[in-house]
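Residue numbers (numbering that gives the first Met the number 0), protein chains in the order written: chain A, 0 to 357; chain B, 0 to 296.
Think of the CB as a built atom: it goes at the ideal place given N, C-alpha and C, for glycine as much as any other residue.
Contents: one structure, followed by commentary.
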Amino acid sequence: MSKVQLTNVKKTYPNGAVAVRGVDMEIQSGEFIVFVGPSGCGKSTLLRMVAGLESITDGQIMIDDQLMNDISPADRDVAMVFQNYALYPHMTVRGNMSYGLKNRGMPKEEINQRVSDAAKMLRIGDFLDRQPNELSGGQRQRVAMGRAIVREPKVFLFDEPLSNLDAKLRVQMRIEIKRLQRRMNVTSIYVTHDQTEAMTLADRLAVINDGKIEQMGTPIDLYNDPATLFVASFIGSPQVNLLPATFDGQHLISGDVKLTGFTDLPVSTDLVLGIRPDELHLDDGGQFPMRVDIVEQHGSDNLIYGGILGAMNEGEEETEFCFKAGQDMLPDLESTLMLGFNAERAMVFSKDSGERLR
Amino acid sequence: MLNAPWYSAKTAANVCAKHPLVDVVGHSRGRALLVHIVLCMGLVFMLSPIVVIVASSTHFTSTLQQQGLQWLPSNQAIQNYSLIFTFEAGFSDQITPLGMLKNSLIVATSVATLTTILSLLTAYAIVFFRMPGKQIVFWFVLVTLLFPLESRFVNTYSVTASLGLINTHIGIILPVLAAALGTFFFRQYFLTLPKELIEAAILDGAGPLRFLKDIIVPLSVSRAGAIFVIAFMIGWNQYLWPLMISTDDSLYTLVRGIRLLGQESGPGMALVVITMLPPFLLLLAFQKWFFKSLAAH
């Protein structure tokens with residue numbers, strides 16, 4: 000049970016590239032935190048700084064109120080699961096799992112006990128004497144987790160551990176990781192670029208962009224109440240619909256589309272309206288005429304994609320919406336649907352700063 | 000033509016698939032034939048000296064001196080080969096072929112072992128340690144390839160002499176050790192190892208020595224085997240350097256000692272055959288490792 004605290008943590012590489020621009024975060028004991036963001040946003044660097052694999056340019060990292068900045072990775076009592084598993088190829092599964100314990104001088108009986116307990120938990124007991132190249136991707140990932148579990152560390156660190164697995168296995172392992180973490184109740188930090196993984200695993204999510212935390216909170220808070228345009232567009236699948244617009248004092252205007260129900264917005268600044276695909280509904284008096292381009296049938300529901308007729312365009316590209324409808328809804332291609340929305344639930348952002356205005 | 004945008008890999012594949020003389024791998028039979036002809040020529044080129052040596056080792060010395068080396072075997076094998084076991088020569092002190100074999104083994108095994116260890120350690124330091132100027136160090140190591148021992152005899156001799164190593168095994172061995180090839184070979188392999196491997200080991204509490212002992216050495220065994228074989232042959236085949244650095248007859252190696260029996264003599268040829276055997280046997284013993292590690296590149 001360990002608390003992790005980051006205070007104004009920064010990372011600048013010797014070539015001047017800034018990877019992390021000052022991160023403050025407090026992770027409670029037993030909490031499952033997910034860092035999510037596009038590739039190159041600094042999320043892995045931040046994780047590796049907690050592990051001690053990257054040096055810290057500025058700021059403090061504390062684990063259990065103990066300053067970690069200058070403590071070696073081996074002495075931080077953290078265990079990490081890597082994307083490519085990083086198993087020792089010449090050692091058996093048992094060898095891989097017991098190596099860290101052996102190096103710490105643990106007695107043999109205890110090592111064996113821990114390895115067999117972890118193997119049972121991960122259902123890899125039958126493979127203990129095999130070598131990694133005799134295992135499937137999913138089994139290797141379990142071994143990598145086993146290697147972390149036997150250590151009984153203060154903090155688990157996961158660096159995109161499921162990225163190398165196929166889609167089905169990924170979902171399966173995702174559930175397993177969550178179950179395992181609940182059961183062991185170990186503070187965990189998990190890095191991913193996959194927002195579904197992030198939403199489903201996290202107790203709290205940190206959306207990271209360009210080396211900064213854009214927003215941190217529970218997955219559902221971030222979905223319902225994103226603080227910035229970046230968070231709104233990153234969280235949620237299918238992605239939020241975005242419409243460039245301006246405010247004239249009474250209406251939100253986007254090309255020929257005039258929307259009512261908005262007040263208290265800055266006049267003559269560039270704005271962006273955000274509406275989640277499931278917030279749209281069919282409405283003969285609706286304000287969005289949508290030309291149907293593609294209908295994706297996902298089983299329980301259909302995703303209908305198309306351009307909004309008359310709307311202001313972002314550069315060359317036509318403004319496209321996604322409308323989430325039931326499985327019965329199968330409009331003809333090229334037909335026009337009239338869509339309405341609830342202005343109360345819509346979000347408005349400043350285009351320049353990305354800040355949420357309402 | 001290959002750079003033309005219309006010539007895609009797909010078109011190439013289609014052409015190949017339609018060609019009647021193309022097997023599954025995509026090579027035409029004509030090309031396979033050509034490859035085999037070239038390989039057979041290479042084989043003849045490389046094997047004929049060995050055939051000549053083995054055949055000549057079964058002839059009278061007089062035949063060899065009058066008619067030159069022979070392609071076909073004769074009936075003097077037993078006489079020639081048994082002479083080797085009774086032969087003894089030397090000016091100040093005596094050396095037998097068995098003594099030469101011992102010297103050759105000491106030199107070659109030491110060169111092989113030390114070269115392998117040194118190359119592995121050098122590559123380990125260059126790849127895994129954060130040290131200033133390690134690229135420069137690596138290039139300096141590579142540059143030694145441009146200066147083989149023969150090109151630096153004079154300086155090497157004076158250094159060896161000043162260390163008092165003339166007429167010693169160490170004097171024969173030391174200057175041969177600087178083998179950039181091994182360092183390069185190990186370095187290239189280490190660079191292919193995922194960096195997460197070392198990070199996982201760090202988190203598992205392994206320091207540099209443990210990482211070397213538990214991860215790097217076991218992973219490098221087959222490559223070390225290949226380097227060992229190559230270095231063994233380099234050590235075994237040393238001729239000029241031992242000739243320069245040792246005046247004692249007791250330090251004769253096999254390669255150098257052939258002269259004592261005469262190059263164009265039956266027993267001399269028999270000694271050549273014996274001299275070729277140990278590296279050949281070593282290669283046989285190591286061939287699995289040898290080819291495995293070379294094929295991986």
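For the 8 Å CB-CB criterion, residue 92(A) and residue 123(A) form a contact.
Residue 19(A) counts as buried, since no fewer than 16 other beta carbons sit within 10 angstroms of its beta carbon.
If you ignore the 5 residues before and after residue 357(A), its C-beta comes within less than 6 Å of the C-beta of 347, all in its own chain and listed in chain order. Three or more Cβ pairs closer than 8 Å define a contact, and the stretch 210-225 of chain B falls short of that threshold against the stretch 62-70 of chain B. Judged by DSSP secondary structure, residue 244(A) falls within the beta strand (DSSP E) whose first and last residues are 240-246. When only Cα atoms are considered, residue 109(A) and residue 99(A) end up about 13 Å apart. For residue 177(A), the CB contacts under 6 Å within the same chain, skipping 5 residues up- and downstream, are 200 in chain order. Around residue 312(A), the same chain offers 243, 254, 318 as residues with beta carbons nearer than 8 Å, after the five sequence neighbours per side are excluded. For residue 12(A), no CB of chain B lies under 8 Å from its own CB, so it is not counted at the interface with that chain. Secondary structure of residue 90(A) (DSSP, three-state): coil.
Taking a C-beta distance under 8 Å as the contact criterion, residue 79(B) and residue 266(B) qualify as a contact pair. Interface flag for residue 344(A) against chain B is unset, since no Cβ pair is found closer than 8 Å. Contact between the stretch 155-169 of chain B and the stretch 239-249 of chain B is present, with at least three C-beta pairs closer than 8 Å.
CA-to-CA, the gap between residue 1(A) and residue 14(A) works out to about 35 Å. In the structure shown, residue 236(A) adopts coil according to DSSP, grouped into three states. Chain A has a Cβ within less than 8 Å of the Cβ of residue 195(B). A Cβ-Cβ distance of about 28 Å is found for the pair residue 197(B) and residue 285(B), leaving them out of contact under the 8 Å criterion. Exclusion of the five residues before and after residue 129(A) leaves 91, 92 as the residues of its chain whose Cβ lies within less than 7 Å of its Cβ. Under a criterion of Cβ atoms nearer than 9 Å, no residue of chain A is adjacent to residue 248(B); the nearest Cβ is some 47 Å distant. With respect to residue 16(A), residue 202(B) sits apart: the two C-beta atoms are not nearer than 8 Å. Under the 10 Å beta carbon count, residue 147(B) is surrounded by fewer than 16 other beta carbons and is classified as exposed.
Taking the Cα of residue 51(A) as reference, the smallest distance to any Cα among 71(A), 194(A), 38(A), 29(A) is reached at 71(A).
Using a Cβ-Cβ cut-off of 8 Å, residue 192(A) does not count as an interface residue toward chain B, since no Cβ of chain B sits closer than that to its own. Look at residue 55(B) here: in three-state DSSP terms it is helix. Look at the stretch 93-168 of chain A and you find these whole runs of alpha helix (DSSP H), each 4 residues long or longer: 107-121, 136-149. In this structure residue 238(B) is exposed. Its beta-carbon is surrounded by fewer than 16 other beta-carbon atoms within 10 angstroms. Between residue 29(A) and residue 207(A) a beta carbon distance of about 22 Å is seen, past the 8 Å cut, so the two are scored as non-contacting.
Under the three-state reduction of DSSP output, residue 215(A) falls in the strand class.
Residue 62(A) is positioned such that its CB atom lies closer than 8 Å to that of residue 154(A).
Bridge partners of residue 189(A) according to DSSP: 33(A), 157(A). 8 Å or more divides the Cβ of residue 83(B) from the Cβ of residue 250(B).
In chain order, 340, 341, 344, 345 place their CB closer than 8 Å to the CB of residue 278(A), counting only its own chain and leaving out the 5 sequence neighbours on each side.
Cβ proximity to chain A below 9 Å picks out 200, 201, 202, 203, 204, 205, 206, 209, 213, 214, 217, 218, 220 from the stretch 200-221 of chain B.
In the displayed model, residue 338(A) falls within a strand according to three-state DSSP. For residue 103(A), the closest Cβ of chain B is nearer than 8 Å. Residue pairing from DSSP places residue 77(A) in a beta bridge opposite 154(A).
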